[in-house]
Amino acid sequence: MPFAVVLLALAACSTAQPTVDTERSVMARPQIIQRPEITRPDVPKPTARPVMYSPSRPLQCVPYARKASGIQIRGDAWTWWRQASGRYPRGQTPKEGALILLDTGYKRGHLAYVSEVRGTREIVVNHANWLNHGRIHENTPVRDVSRAGDWSQVRLWYVPGNQLGASAYDVIGFIYPDQRTAQR
Numbered sequence: 005m006p007f008a009v010v011l012l013a014l015a016a017c018s019t020a021q022p023t024v025d026t027e028r029s030v031m032a033r034p035q036i037i038q039r040p041e042i043t044r045p046d047v048p049k050p051t052a053r054p055v056m057y058s059p060s061r062p063l064q065c066v067p068y069a070r071k072a073s074g075i076q077i078r079g080d081a082w083t084w085w086r087q088a089s090g091r092y093p094r095g096q097t098p099k100e101g102a103l104i105l106l107d108t109g110y111k112r113g114h115l116a117y118v119s120e121v122r123g124t125r126e127i128v129v130n131h132a133n134w135l136n137h138g139r140i141h142e143n144t145p146v147r148d149v150s151r152a153g154d155w156s157q158v159r160l161w162y163v164p165g166n167q168l169g170a171s172a173y174d175v176i177g178f179i180y181p182d183q184r185t186a187q188r
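The letter at position 121 of the sequence shown is residue 125 when you use this note's numbering, and the numbering goes up by one with no holes.
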């Protein structure tokens, strides 16, 4: 019996292999398809060209936001809304020169400087440390994705993926650097 098994194994090894037309088989392989942007088809693509770079030392969002806006508040980003009360105008409307404050989780937040308002549902921000490597992100499109169009929820451009990020973040509000900006 073992001789029969060996004989069958040898017969299987000696069976002629089918010829493969390499050129045709390579051409028949599916092309790698880029993951489509996760967005509604009726919403246009962002118009800003975002850039990301590393400063000489990693930078957090708070010192970057303070320097960009001139708003003199200290402490973690999630504390800024309360600290701004009575000191700086606050609101729910994006304005150039304002800071947008995002809720990114329990006792966490993120600040970004609004460099441009591009329409009723898109702004452009500059900010630091968005991907946790202390990098500076400039010309970053931010899209209002709230159902009511009230800037209560946004998605930010994800530079490495060259598309809007998949996560939506709640907006706490906008902090304006002075009364003049808040009334524009």
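Heads up, the beta-carbon is just placed ideally off N, CA and C, and yes, glycines get one too. Predicted model, so just to flag it, every value in this text is computed and none were measured.
In the three-state reduction of the DSSP assignment, Ala81 falls in the helix class.
Leu105 counts as buried, since no fewer than 16 other beta carbons sit within 10 angstroms of its beta carbon. Under the three-state reduction of DSSP, Arg112 is assigned to strand. In this structure, the straight-line span from the alpha carbon of Thr97 to that of Tyr68 is close to 21 Å. Here the segment 75-91 makes no contact with the segment 150-160; the two share fewer than three CB pairs at distances below 8 Å. For Tyr68, there is no enclosing beta strand (DSSP E); the enclosing alpha helix (DSSP H) covers residues Cys65 to Ser73.
Following the DSSP letters along the chain, one finds Glu100 in no beta strand (DSSP E), marked with neither H nor E.
Contact annotation, Thr124 with Pro54: C-beta distance approximately 20 Å; criterion of less than 8 Å not satisfied. Here His141 is buried, its C-beta having at least 16 other C-beta atoms within 10 Å. Residues of the same chain with a CB within less than 6 Å of the CB of Ile127, apart from the 5 flanking positions on each side, are Pro98, Val118, Val121 and Val146 in chain order. Non-local beta-carbon contacts of Ile176 in its own chain, meaning distances under 6 Å to residues more than five positions away in sequence, involve Trp85, Leu105 and Asp107 in chain order.
Counting along the chain, Leu160 sits inside the beta strand (DSSP E) bounded by residues Gln157 to Tyr162. Pairing Gln76 with Arg70 gives a Cβ-Cβ distance under 8 Å. Collapsing the DSSP output to three states places Gln76 in coil.
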